[in-house]
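Peer 1:
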Amino acid sequence: MMRLPPFTYLQPASVDEALALARQHGPEACYVAGGTDLWPNMKRRQLSPPVVISLARLAELRGIEITEEGGLRIGALTTLTELAAAPAVRERWPVVAEAAALISTPPLRNMGTIGGNLLIDTRCTYYDQSYAWRKAIDFCMKKDGKICWVAPSSPRCWAVQSSDEAPVMCAIGARLTFRSPHGGERELEADALYRDDGIAHLTKQPLELLTHITLPPPRGWRAHYIKLRRRGSF
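Residues 31 to 264 in the numbering used here are what the sequence shown lists, from first letter to last.
(1) Compare the C-alpha of L40 against each of I83, P70 and N71 and name the closest.
(2) Using a Cβ-Cβ cutoff of less than 6 angstroms, which residues in the same chain neighbour K257 once the five nearest sequence positions on both sides are dropped?
(3) Quick one: Cα of K73 to Cα of T38, how far?
(4) Hey, which unbroken runs of the alpha helix (DSSP H) at 4 residues or more fall wholly within the stretch 130–197?
(5) Among L232, G145 and Y255, whose alpha-carbon lies nearest the alpha-carbon of I65?
(6) I'd like the list of long-range same chain contacts for T143, defined as Cβ closer than 8 angstroms, with 5 residues on each side in sequence excluded.
(7) Would DSSP call E112 helix, strand or coil?
(8) What would DSSP say about I96, mapped onto helix, strand or coil?
(9) Just to confirm my understanding: we take L88, look at its own chain, exclude 5 residues before and 5 after, and list those with CB closer than 8 angstroms. What are they?
(10) How many angstroms separate the CA atom of Y61 from the CA atom of L85?
(11) According to DSSP, what are the bridge partners of E217?
(12) Look at the alpha carbon of P117 and the alpha carbon of P124, and state the distance between them as a whole number of angstroms.
(13) So, with DSSP's three-state summary, where would you put I256?
(14) Which of helix, strand or coil does DSSP assign to G250?
(15) In whole angstroms, what separates the C-alpha of F208 from that of L232?
(16) Would you please state the rounded distance, in angstroms, between the beta carbons of E219 and R205? I believe it to be under 8 angstroms.
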């Protein structure tokens, strides 16, 4: 059994409190929403933050609203199950609901959030292993090592993006809103969030908090999301 490393678990009751805690503890801290990616990564010692700030109590980051322009405002803590089933999403942007319904398994969709899926870590066969497994191959460039085992002569890491919702949000022109622990708010287009780099794959600043996603009015678009995978259930 892989166990979590020791850490301090904080449960703020508001976004302002969460940002204040992030400012207090600095880059050693991290946020957790559903935890479907973070907890396994911590068990494998891919990440070992001494402070984890839970977003579970932040009701202001949940829910789906129709904007005045006819688009959608989706709270970052909206679960994937809620996103897939929401009538407003299925009516205006069914492709977003389709992608959400194809992520992982039902229990994980019940816990996982749209914000977490958009910010998910990159994946690699040589990286997503236990600490002992990775130590046996002298680790890899993404964590504790110097070589990318996918392409040993490459100067960069080739871990890949694995978010189902990221390509959808980029295609439809979604905008993401972040708040900084140092004050201020910024909005950027979804495709500006991602870099072609297995390690530094996000342009998000450390401890910026994704608060919501804004989808534009549909404009008569028609789109479908098709996922190629070995098993239909996962």
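By construction, the Cβ of each residue, glycine as well, lies at the ideal position given by its N, Cα and C atoms. Please read these numbers as outputs of a predicted model, since none were measured by experiment.
Peer 2: Concretely, from the data shown:
(1) What you label residue 40 is simply residue 10 of the sequence shown in a count that begins at 1. That would be I83, whose Cα lies nearest to the Cα of L40.
(2) The residue given as residue 257 occupies position 227 in the sequence shown. Shown here for K257: same chain residues with a beta carbon closer than 6 angstroms to its own, the five before and five after excluded, namely L132 in chain order.
(3) The residue you call residue 73 lines up with position 43 of the sequence shown. The residue you call residue 38 lines up with position 8 of the sequence shown. Their backbone Cα atoms lie some 15 angstroms apart in a straight line.
(4) Whole alpha helix (DSSP H) segments, 4+ residues: 136–141, 144–148 and 161–166.
(5) Mapped onto the sequence shown, residue 65 falls at position 35. The sequence given here has Gly at residue 65, not Ile. Nearest in C-alpha terms to G65, of all of L232, G145 and Y255, is G145.
(6) What you label residue 143 is simply residue 113 of the sequence shown in a count that begins at 1. Here T143 has A63, G64, A106, L107, T108, T109 and L110 as same chain residues with Cβ atoms under 8 angstroms from its own Cβ, once five neighbours each way along the sequence are excluded.
(7) Against the sequence shown, residue 112 aligns to sequence position 82. Under the three-state reduction of DSSP, E112 is assigned to helix.
(8) As a first step, residue 96 is located in the sequence shown; it is residue number 66 there, counting from the start. If DSSP states are grouped into helix, strand and coil, I96 belongs with the strands.
(9) Numbered from 1 along the sequence shown, position 58 holds the residue referred to as residue 88. If we look at L88 and ignore the five residues flanking it on each side, its Cβ neighbours are P42, A43, S44, V45, A48 and L107.
(10) Walking along the sequence shown from the start, residue 61 turns up at place 31. Walking along the sequence shown from the start, residue 85 turns up at place 55. Going from the Cα of Y61 to the Cα of L85 covers about 7 angstroms.
(11) Counting from one through the sequence shown, the residue named residue 217 turns up at place 187. Bridge partners of E217: T207.
(12) Counted from its first residue, the sequence shown places residue 117 at position 87. Counted from its first residue, the sequence shown places residue 124 at position 94. Straight-line Cα distance between these residues: approximately 9 angstroms.
(13) Position 226 of the sequence shown, counting from 1, holds the residue named residue 256. DSSP places I256 outside both helix and strand once states are collapsed to three, so it counts as coil.
(14) On the sequence shown, position 220 is the one that residue 250 refers to. Annotated three-state conformation of G250 is coil, per DSSP.
(15) Counting from 1 along the sequence shown, the entry for residue 208 is found at position 178. Counting from 1 along the sequence shown, the entry for residue 232 is found at position 202. Each residue's Cα considered, the two are about 13 angstroms apart.
(16) Translated into positions along the sequence shown, residue 219 becomes position 189. Translated into positions along the sequence shown, residue 205 becomes position 175. Taking C-beta atoms under 8 angstroms as the contact rule, E219 and R205 qualify, at a distance of about 6 angstroms.
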